[in-house]
Ligand SMILES: [Zn+2]
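Here is the structure:
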């Protein structure tokens with residue numbers, strides 16, 4: 001069995017942690033910004049030095065290939081993302097990409113060849129912080145988003161994904177999705193407290209929870225905050241406020257069975273002192289292990305939004321909705337990870353993912369699986385995000401050995 005060089009992996013993580021650093025240990029590296037470009041350049045430089053052939057597709061996904069003995073076979077891919085949220089953590093996503101690179105470097109150290117090629121993949125804009133849709137690159141790769149739609153997505157300043165991609169030099173020539181994977185592995189910090197609280201350092205992820213989102217818009221009438229009597233007001237922000245509290249109560253209602261609701265964003269117009277707001281839009285996210293319960297929560301949330309609008313004497317409208325997750329990962333790959341963990345003597349638990357990941361999109365086009373490692377207190381999307389190399393090594397070694405086993409699997413009979 002092979003062992004990864006954790007010191008080398010940590011040096012790469014530390015170098016990455018300086019590119020877009022926010023405060024002492026946070027990272028602001030939004031997709032297609034200058035820090036994202038610098039990190040991409042660094043990744044390409046490292047991958048090239050490791051002997052990989054690098055290709056970039058139309059939406060900026062980067063594929064660094066370590067050739068296999070049989071180049072005609074589809075690659076075993078290891079991927080995640082290098083972008084972050086605003087002052088987010090330095091390991092979310094980044095650990096998965098750099099553990100992929102460390103896998104290649106360890107194989108190089110030992111002069112180990114594999115039958116299939118190994119692709120280390122950096123997916124563009126997983127976080128969705130800048131262009132409002134998450135998992136952009138992997139969803140385009142899987143054909144879930146049209147490339148044309150991704151390229152015209154715009155940020156808060158009106159800059160488009162396509163223009164920013166070209167500006168940083170990552171509008172690649174390779175057609176998006178024009179690549180087959182034999183298997184896809186993603187190592188990721190758990191982003192929740194379960195592993196950190198226990199004494200097992202590896203989660204073998206069997207699937208992902210269904211998550212739904214929707215935006216509700218509340219529309220009232222702007223007026224002067226002084227002369228307008230209370231009974232004549234149509235304050236859109238008040239409607240949104242009632243809805244936010246009600247949505248949070250719905251999360252509490254399902255708390256015992258693992259349900260969650262979040263309003264993380266509000267856009268208010270005109271958002272000025274002295275003026276009663278005429279429009280407020282909130283983004284609602286809700287999740288539950290049981291997809292039937294998610295459907296019930298959706299009805300309750302919509303009813304709560306309508307009731308909030310009525311109470312505030314404003315109108316309301318559901319302006320957007322989306323769903324992701326509800327994913328079952330490949331049973332073959334779960335079995336492979338389980339067997340490899342037994343061989344390595346690594347303790348693990350079986351888990352489901354509660355956050356969205358690129359592996360969800362890729363699971364629609366290739367067998368996919370994830371490995372979780374602990375993060376302190378389960379905190380991520382925060383500058384407080386932290387991980388312990390000693391508690392990360394098992395996951396990295398599991399990834400390494402499972403990828404090699406899969407890449408050396410005998411070719412299937414035609
Ligand atoms: Zn992530």
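In the numbering used here, the protein residues as written are 1 to 414.
Note that CB positions come from ideal geometry on N, CA and C, so glycine has one too.
How should residue i be labelled, buried or exposed, when 16 other C-beta atoms within 10 angstroms of its C-beta is the threshold for buried?
i: residue 390; result: exposed
i: residue 356; result: buried
i: residue 253; result: exposed
i: residue 61; result: buried
i: residue 417; result: Past the edges of the chain, shown from 1 to 414, lies residue 417, and the structure says nothing about it.
i: residue 450; result: Because the chain is modelled from 1 through 414, residue 450 falls outside the range shown and cannot be assessed.
i: residue 24; result: exposed
i: residue 321; result: exposed
i: residue 292; result: exposed
i: residue 157; result: exposed
i: residue 29; result: buried
i: residue 459; result: For the chain, the structure presents residues 1 to 414; residue 459 sits outside this window and is missing.
i: residue 392; result: buried
i: residue 40; result: buried
i: residue 4; result: buried
i: residue 80; result: buried
i: residue 323; result: exposed
i: residue 146; result: exposed
i: residue 116; result: buried
i: residue 127; result: buried
i: residue 340; result: buried
What does a CB cutoff of less than 8 Å around residue i pick up in its chain, not counting 5 residues either side in sequence?
i: residue 114; result: 66, 68, 69, 76, 107, 404, 407, 408
i: residue 344; result: 1, 394, 397, 398, 401
i: residue 275; result: 222, 223, 224, 225
i: residue 256; result: none
i: residue 54; result: 44, 47, 48, 62, 63, 64, 65
I'd like to know whether the C-beta atoms of residue i and residue j end up nearer to each other than 9 Å.
i: residue 58; j: residue 175; result: yes
i: residue 187; j: residue 373; result: yes
i: residue 63; j: residue 121; result: yes
i: residue 244; j: residue 266; result: yes
i: residue 47; j: residue 101; result: yes
i: residue 183; j: residue 365; result: no
i: residue 217; j: residue 375; result: no
i: residue 140; j: residue 96; result: no
i: residue 92; j: residue 331; result: no
i: residue 336; j: residue 368; result: no
i: residue 27; j: residue 84; result: yes
i: residue 261; j: residue 271; result: no
i: residue 234; j: residue 278; result: yes
i: residue 56; j: residue 227; result: no
Is there a Cβ of chain B sitting closer than 9 Å to that of residue i, yes or no?
i: residue 66; result: Given the protein chain composition of this structure (a single chain), no chain B is represented.
Please work out which residues of its chain come closer than 7 Å, Cβ to Cβ, to residue i, disregarding the five sequence neighbours upstream and downstream, and give them in chain order.
i: residue 94; result: 13, 16, 82
i: residue 110; result: 2
i: residue 50; result: 101, 104, 105, 108
i: residue 242; result: 308, 311, 312
i: residue 148; result: none
i: residue 419; result: This structure gives no information on residue 419, because the portion of the chain shown stretches from 1 to 414.
i: residue 240; result: 218, 266, 280, 282
i: residue 269; result: 277, 278, 279
With a CB to CB cut of under 6 Å and the five nearest residues on each side skipped, what residues in its chain are close to residue i?
i: residue 180; result: 74
i: residue 171; result: 165
i: residue 207; result: 327, 328, 329, 352
i: residue 52; result: 64, 65, 66
With residue i and residue j assumed to form a contact (beta carbons below 8 Å), what rounded beta-carbon distance in angstroms separates them?
i: residue 287; j: residue 326; result: In fact, because the Cβ distance is near 10 Å, the residues do not count as touching under 8 Å.
i: residue 204; j: residue 338; result: 6 Å
i: residue 38; j: residue 19; result: 5 Å
i: residue 125; j: residue 32; result: 7 Å
i: residue 236; j: residue 280; result: 4 Å
i: residue 78; j: residue 202; result: Going by Cβ atoms, the distance from residue 78 to residue 202 rounds to 16 Å, so no, they are not a contact pair.
i: residue 212; j: residue 294; result: 6 Å
i: residue 168; j: residue 36; result: 7 Å
i: residue 312; j: residue 238; result: 4 Å
Is there contact here, the segment 190 to 203 with the segment 377 to 386, by at least three beta-carbon pairs under 8 Å?
Taking a cut-off of 8 Å for Cβ pairs, the segment 190 to 203 and the segment 377 to 386 touch, as three or more such pairs fall below it.
Check whether the segment 83 to 91 and the segment 139 to 155 touch, using three or more Cβ-Cβ pairs below 8 Å as the test.
Segments in contact, no.
Could you tell me whether the segment 221 to 235 touches the segment 281 to 296, where touching means 3 or more Cβ pairs closer than 8 Å?
Output reads no: the segment 281 to 296 does not touch the segment 221 to 235.
Three-pair Cβ contact test at 8 Å for the segment 195 to 213 versus the segment 305 to 314
Because the criterion of three Cβ pairs below 8 Å is not met, the segment 195 to 213 and the segment 305 to 314 do not touch.
When you compare the segment 134 to 146 with the segment 351 to 371, are there three or more beta-carbon pairs, one atom per stretch, that lie closer than 8 Å?
As far as the Cβ criterion goes, the segment 134 to 146 touches the segment 351 to 371, which means the pair count is three or higher.
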